[in-house]
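Following our numbering from start to finish, the sequence shown increments by one per residue and tops out at 204. Below: the structure, in structure tokens.
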Amino acid sequence: MGKLNLTMLRYMTTEDFRVLTSVEMGMKNHELVPGPLVASIANLKHGGCHKHLRELCKQKLLSYERGKRYDGYRLTNTGYDYLALKTLCSQGLVYSVGNQIGVGKESDVYIAANEVGRDLVLKISRLGRVSFRKLKEKRDYHKHRNKASWLYLSRLAAVKEFAFMKALHERGFPVPEPVGFNRHCILMELVDGHPL
């Protein structure tokens with residue numbers, strides 16, 4: 009089992025996160041987000057934005073791709089992880105992330121902790137893996153949209169799962185207590201148990 013690589017998270021600047029968020033916002037309407045559009049959304053000068061884009065691509069938080077009509081940037085899974093974890097950290101819900109404790113066809117599961125040291129579980133939805141490609145046919149996450157990115161579908165799956173988990177917990181069902189969520193990450197209490 010691996011570990012979530014968060015080494016660059018502490019060194020990232022506010023501008024880096026503005027650029028990542030701008031690419032995320034641009035991906036709502038574009039498969040590849042052009043550099044000038046990223047600079048416009050991030051409200052940075054094009055030259056300064058280009059430097060951040062290059063650095064984020066080097067760290068594999070973004071990918072630069074050449075399309076049929078234009079070139080642009082796309083958010084990677086790691087970049088999406090960084091955005092979600094930064095938000096969870098700024099909300100005071102997560103202080104540290106530890107080892108991976110599980111992996112499945114839909115998600116990766118990690119140990120996490122908050123500031124007071126309470127052990128939590130961080131579940132990161134990873135829809136679109138090779139073994140789980142028929143999701144768009146089998147589930148109704150994207151309603152009747154023709155195209156939806158795997159990041160967007162992962163987010164919808166996490167939102168739905170958190171809502172169900174919260175409803176079940178409030179009605180006294182034996183499910184982990186949901187603590188919070190952001191984008192495609194769900195934070196819940198750690199329940200001690202034995203693997204079956």
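We put the CB at the ideal spot given by N, CA and C, even for glycine. Remember, it's a predicted structure, so these values are computed and weren't measured experimentally.
What residue does the beta strand (DSSP E) around residue i start on, and which one ends it?
| i | result |
| --- | --- |
| residue 71 | 70-74 |
| residue 126 | Here residue 126 belongs to no beta strand (DSSP E), and DSSP marks it neither H nor E. |
| residue 81 | 79-83 |
| residue 105 | 104-111 |
Exposed or buried, residue i, counting other C-beta atoms within 10 Å across all chains shown (16 or more means buried)?
| i | result |
| --- | --- |
| residue 54 | exposed |
| residue 181 | exposed |
| residue 203 | exposed |
| residue 18 | exposed |
| residue 116 | buried |
| residue 165 | buried |
| residue 113 | exposed |
| residue 124 | exposed |
| residue 52 | buried |
| residue 217 | What the structure shows of the chain is the stretch from 9 to 204, and residue 217 is not part of that stretch, so it cannot be assessed. |
| residue 36 | exposed |
Whole angstroms is fine: what's the gap from residue i's alpha carbon to residue j's?
| i | j | result |
| --- | --- | --- |
| residue 49 | residue 200 | 44 Å |
| residue 12 | residue 109 | 11 Å |
| residue 189 | residue 23 | 24 Å |
| residue 121 | residue 95 | 15 Å |
| residue 106 | residue 99 | 19 Å |
| residue 44 | residue 25 | 17 Å |
| residue 9 | residue 111 | Per-residue confidence for residue 9 stands at a pLDDT of 42, beneath the threshold of 50, marking its modelled position as unreliable; the derived number appears in the next sentence. Residue 9 and residue 111: Cα-Cα distance of roughly 8 Å. |
| residue 91 | residue 197 | 21 Å |
| residue 101 | residue 173 | 17 Å |
| residue 72 | residue 157 | 16 Å |
| residue 162 | residue 56 | 31 Å |
With residue i and residue j assumed to form a contact (beta carbons below 8 Å), what rounded beta-carbon distance in angstroms separates them?
| i | j | result |
| --- | --- | --- |
| residue 64 | residue 86 | Wrong, their Cβ atoms sit about 10 Å apart, outside the cutoff. |
| residue 16 | residue 67 | 5 Å |
| residue 78 | residue 42 | 6 Å |
So if DSSP puts residue i in a beta bridge, which residue, or which two residues, is it bridged to?
| i | result |
| --- | --- |
| residue 193 | 132, 190 |
| residue 117 | 110, 131 |
| residue 41 | 81 |
Go to residue i, then tell me how far its alpha helix (DSSP H) extends in each direction, as first and last residue.
| i | result |
| --- | --- |
| residue 204 | From DSSP, residue 204 is part of no alpha helix (DSSP H); its letter is neither H nor E. |
| residue 161 | 158-178 |
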